[in-house]
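In the numbering used here, the protein residues as written are 1 to 313. Every residue gets a Cβ at the ideal spot worked out from N, C-alpha and C, and that includes glycine. Note that the coordinates shown come from a computational prediction; the quantities given were computed from them, not determined experimentally. What follows is a short report on a single structure.
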Ligand code: MRU
């Protein structure tokens, strides 16, 4: 199963809002369709958003659209994952060098898988045989083209013959952990358990978690931005001496800026007011729904990249 594929000059995106119940691909015929899939979380996860954005530029090129205008619109789809901006700028640079957007997007598609495999090899070095590892949100194949970043580290550890137990936080409000990470691990046959977000501290206190590995939407000076709830996990990990790793490709790095200057997306209150189709709060409930946390560098043990494991900066 692929997160997306390019066929007959159209982009087909696996609609992740329907997972794990239905496997349906949404056909994007123009760049506006791709923007729709990014905004509605049909495609989500920093690297996947980046590659989808590159293909959006390819669709704009094929339609003869104004590429600068398309670039601005695509970049405004979501604010936090830097991969979106990185991908669109890379396509514009390729175009200036005479390379077609479609060829560059296809190259980025292939690169993503290789990058994740290299990251997995480095990351697996910190995973010991018998470890129980916790992850938050979905930094898996579904958040990329394939293989994943944090879940790629777990996949690589298993490929090296290690036995691990994966614990997934549910990841309210959209439940990427419950719906996507558990699904991915089950598909791989990797032992996995689901917990509610608020149980992570309890499990660490009981000594039931050996390591935490999460992904990132942006790595900058002073820390990383990742799914809401990541900060609480990192604080608990620090308190109970559990090593806390972030797995992120260089395309997620924005090293010149402070992490506190990153635009944190605020999403629709409906995500909080409802659990799936079921309303859980009274009428007239006021809501704050920040989609991302900032995890400061002092809570991070190491950042796993495709070039090795580095110190947070
Ligand atoms: O809102 P989402 O589902 O796009 O958020 C995704 C995350 O926070 C992931 O952990 C992050 O993008 C890393 S994906 C390899």
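Express the C-alpha separation of residue j and residue i in angstroms, rounding to a whole number.
i	j	result
residue 11	residue 225	28 Å
residue 235	residue 311	18 Å
residue 200	residue 169	7 Å
residue 35	residue 29	11 Å
residue 2	residue 110	12 Å
residue 91	residue 104	7 Å
residue 83	residue 218	8 Å
residue 27	residue 143	18 Å
residue 264	residue 73	18 Å
residue 230	residue 136	7 Å
residue 189	residue 63	43 Å
residue 88	residue 295	26 Å
residue 21	residue 179	9 Å
residue 41	residue 123	27 Å
Could you give the DSSP three-state label for residue i: helix, strand or coil?
i	result
residue 183	helix
residue 121	helix
residue 5	strand
residue 247	strand
residue 112	helix
residue 98	coil
residue 159	helix
residue 254	strand
residue 220	strand
residue 272	helix
residue 225	strand
residue 197	helix
residue 61	helix
residue 126	coil
What does the Cβ neighbour count give for residue i, buried or exposed, with the cut at 16 atoms within 10 Å?
i	result
residue 76	exposed
residue 181	buried
residue 173	buried
residue 16	buried
residue 260	exposed
residue 275	exposed
residue 313	exposed
residue 81	buried
residue 163	exposed
residue 155	buried
residue 211	buried
Closer than 8 Å: is that where the CB of residue i sits relative to any heavy atom of the ligand NAP?
i	result
residue 54	You won't find the ligand NAP in this model; what it holds is the ligand MRU.
As an exercise, report each continuous beta strand (DSSP E) stretch of at least 3 residues that is fully enclosed by the stretch 17 to 59, in chain order.
25 to 28
Taking three-plus beta-carbon pairs below 8 Å as touching, is the stretch 56 to 68 in contact with the stretch 114 to 126?
no
Per the contact definition of three or more C-beta pairs closer than 8 Å, is the stretch 240 to 254 in contact with the stretch 286 to 302?
yes
Three CB pairs or more closer than 8 Å across the stretch 92 to 99 and the stretch 282 to 290
no
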